[in-house]
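Read through the structure below, which is laid out as structure tokens, and then see the notes.
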Amino acid sequence: MSILVLNSGSSSLKFKLFSLPSLALLASGAVEEIAIRDQGRFHIKWLQKGTWVEEDTCSQFEDHEAAIQAVAASLDRIIRLLPDGVVKAVGHRVVHGGERFLEPVVVNGEVIEALRELIPLAPLHNPANLKGIELAMSLMPDALQVAVFDTAFYHGLPPYSFLYGLPLWLYREAGIRRYGFHGTSHSYVASQAAAHLGGSVDRFKMITLHLGNGASAAAIDRGQCVDTSMGFTPLEGLIMGTRCGDLDPSVIFFLNRELGMSFESIEELLNRDSGLKGLCGESDVREILSMIQRGNNDASTALEAFCYRVKKYIGAYMAVLGELDCLVFTGGIGENSPEVRERCCDGLETFGIAIDKEANRSLKGQGVISGANRRVQVLVIPTDEEYGIAIQASKFLESKW
Ligand code: ADP
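Residue numbers (the working numbering): 8 to 408.
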């Protein structure tokens, strides 16, 4: 038996197929650039008689339905090769579960309706997640569809951490609070870090930094997340590839009143044209690093601002946790940029955080980058959101289904 994980985003569909109960990877891949004319790409790799086989196709994928059909057709071939060709469950990433979904759930009509009602809280993410679920339900009707929520990791945040300084009725009646996102990633790397430190997650105090196109920090006190940088939406907190992160809300009124911008265009500006891209015209840190080498000052300032914001959150979360056992870097930037890791930790020696430059620069994959005898272990742990979803969905099915 196997479990398929679908991570359906606005322009991409990532998937991984795992065997049950061992969760060994059987196949993985993605459809990218969905609904972008003439640009679609579908790649898949699967294990065949102990060897990985890969296929890469460029083609147009008009919409999510076309993408998921391509995935289902390829997987069908692969699943037939398995000794027991049954997909027991499909685990879906759902970005926003509001206050209703605190753990994974088996999807039925009522859950679909509830997910639809949550769209206003995550208009940029939940519609694509929902589309993935509905298409999987029709293409794989015999499999249990399990929704796993990014927000669920934060359901134990204390009110003093999740409330904004707004009239309380806005929380009670309109659900305006900090929800937090990237939960699957933070929870996955936290348990990997704990395993690395030689114990279970409930023994350690950690700060996890997911630095990718989207970026967020989490303070985790012995397995319980107590604060996180993303808020009501994934726009708050760290400076990101194209999102602004923390911002004085008055900027929005000023843009509207003084510069005549509509709220739609401000929303677009803050989500798609701000962050690193807004500061230097480029959102990809690889390109920013090469711009810095060519002497581009804006690129230099943009990366400084990015790392400075991360450092501020590390300091804030050290105060929140009181003490710290480990600091974890993950996400495309956190996993691959020694330069960014070094800058984020620069000057934090008094907090027991220091990076061994050589270990940091030479690390490939997972490992420790803090110097010897440092109070805080600094780790790099590659995230695997699909594996994290498979773990959560299969545990849930074992215990409740
Ligand atoms: P997403 O949030 O879209 O999942 P990822 O976690 O894949 O993003 O991170 C993507 C980002 O990782 C890229 O925009 C790029 O800035 C950064 N990145 C990837 N490889 C490197 C590298 N070798 N050096 C620096 N940054 C990198």
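Ideal Cβ positions, reconstructed from N, Cα and C, are used throughout, including at glycine.
By Cβ distance, which residues of its chain are closer than 8 angstroms to I273, with the 5 residues on each side in sequence left out? I259, L262, N263
Give the list of continuous beta strand (DSSP E) stretches no shorter than 3 residues that lie fully inside the stretch 197–224. 212–218
Just curious, the alpha helix (DSSP H) that S272 is in, first and last residue? 270–279
What are the uninterrupted segments assigned as beta strand (DSSP E) that are 3 or more residues long and contained completely in the stretch 126–197, given in chain order? 151–156
Put L262 into one of helix, strand or coil per three-state DSSP. helix
Look at the alpha carbon of G372 and the alpha carbon of H189, and state the distance between them as a whole number of angstroms. 20 angstroms
Which two residues bound the contiguous beta strand (DSSP E) that contains I119? No beta strand (DSSP E) contains I119, which is instead part of the alpha helix (DSSP H) from 116–124.
Neighbour-count burial assignment, L164, 16 or more Cβ in a 10 Å radius: buried
Over the uninterrupted alpha helix (DSSP H) stretch that includes I340, give me the two end residues. 338–343
Could you pull out every residue in the same chain whose Cβ sits closer than 7 angstroms to the Cβ of D228, ignoring the five residues on either side in sequence? K212, L328
Under 8 angstroms between C-beta atoms of A34 and I10: no
Pull every residue with its beta-carbon under 5 angstroms away from any heavy atom of ligand 1, and keep them in chain order. G219, N220, G221, D291, V292, R293, G338, G339, I340, N343, S344
Find the nearest neighbour of D149 within the set E106, F169, G104, K95, judged by alpha-carbon distance. K95
Just how far apart, CA to CA, sit P127 and L88? 42 angstroms
Apply the 10 Å Cβ neighbour rule to Y161 and answer buried if 16 or more other Cβ atoms are within range, or exposed otherwise. buried
Closer than 8 angstroms by C-beta to W59: which residues in its own chain qualify, once you throw out the five before and the five after it? Chain order, please. K52, W53
Once the 5 residues before and after T158 are set aside, which same chain residues still bring their CB inside 8 angstroms of it? V102, H103, G104, G105, F108, Y186, G187, F188, G190
Status (buried if at least 16 other CB within 10 Å, exposed otherwise) for V93: exposed
If E392 sits next to S236, beta carbons under 8 angstroms apart, how far is it from one beta carbon to the other, in whole angstroms? Incorrect: roughly 18 angstroms between the Cβ atoms, too far for contact.
Among all the DSSP beta bridges, which residues are the ones paired with C232? I227
How far does the beta strand (DSSP E) with T390 in it extend, from its first residue to its last? Taken as a continuous stretch (DSSP letters only), T390 belongs to no beta strand (DSSP E), as it is neither H nor E.
Name the two residues that bound the continuous beta strand (DSSP E) containing H71. It is not in any beta strand (DSSP E) - H71 instead sits in the alpha helix (DSSP H) that spans 71–88.
What separation, rounded to the nearest whole angstrom, lies between the Cα atoms of M325 and S223? 15 angstroms
May I have the straight-line CA-CA distance separating N14 from E39, to the nearest angstrom? 12 angstroms
Could you give the distance in angstroms between the alpha-carbon of M147 and the alpha-carbon of L404? 17 angstroms
Is the stretch 293–308 touching the stretch 165–172 in the sense that three or more CB pairs, one from each, lie closer than 8 angstroms? no
Might you give, ordered along the chain, the residues of its own chain that have their beta carbon closer than 8 angstroms to the beta carbon of Y195, omitting 5 neighbours on each side? T390, D391, E392, Y394, G395, I398
So L286 and D305 are in contact, right, with Cβ under 8 angstroms, and what is the actual spacing, rounded? 7 angstroms
Once the 5 residues before and after I388 are set aside, which same chain residues still bring their CB inside 7 angstroms of it? V196, Q199, A200, V335, T337, Q373
Distance, Cα to Cα, V97 vs S17? 19 angstroms
On the DSSP bridge assignment, give the partners of Q55 in chain order. T58
Grouping DSSP H, G and I as helix and E and B as strand, with all else coil, what is A361? coil
Contacting residues, own chain, Cβ-Cβ under 8 angstroms from N133 (five flanking each side not counted): V101, V102, H103, L122, L125, I126
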